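Residue numbers (the working numbering): -10 to 139.
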């Protein structure tokens, strides 16, 4: 009977040792983790000024789960886009890739959404819509500025 308790005690001690915090491990975890960017209107963004405008809209669809989208332009974070929201991005004239990603559950990773190529010019604004159709999220360039969200 004594041997059962000894084995159980050793197993409990071994398992609980792995839960203890170690000073060297916490500093490595802090530097390795890169959290999602936080939307802050007080911080300057490289997309606040520019000669051309891209209007990006999160279209409400029946298959959309309501996740917030982190919009990227040419691989740089341009901001957060929630369900039904529209965002203006100012860029230099020329060809740009507008895409984005969604944080996975608990923020351990991300799901990248395929980008769309947009060529901007100073004479007119370009419109990009993010929507989910048939369980497939996608960015697409449109002619109208605001989709029908009803």
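Every residue gets a Cβ at the ideal spot worked out from N, C-alpha and C, and that includes glycine. Bear in mind that the values here come from a model prediction, so they are computed numbers and not experimental data.
- Residue ranges of uninterrupted beta strand (DSSP E) with 3 or more members, entirely inside the segment 32 to 84 and ordered along the chain, are 41 to 47, 58 to 62, 65 to 70 and 75 to 80.
- Out of -4, 57, 1 and 53, the CA that lies nearest to the CA of residue 93 is found in 57.
- Judged by DSSP in its simplified three-state form, residue 96 adopts helix.
- For residue 72, the CB contacts under 7 Å within the same chain, skipping 5 residues up- and downstream, are 47, 49, 53 and 55 in chain order.
- By the Cβ-count criterion, residue -2 is exposed, with fewer than 16 other Cβ atoms from all chains shown falling within 10 Å of its own Cβ.
- Note: residue 90 is bridge-paired with 59 and 101 in the DSSP secondary-structure output.
- For residue 116, the number of other beta carbons within 10 angstroms of its own is at least 16, and it is reported as buried.
- For residue 2, the secondary structure class from DSSP, reduced to helix, strand or coil, is helix.
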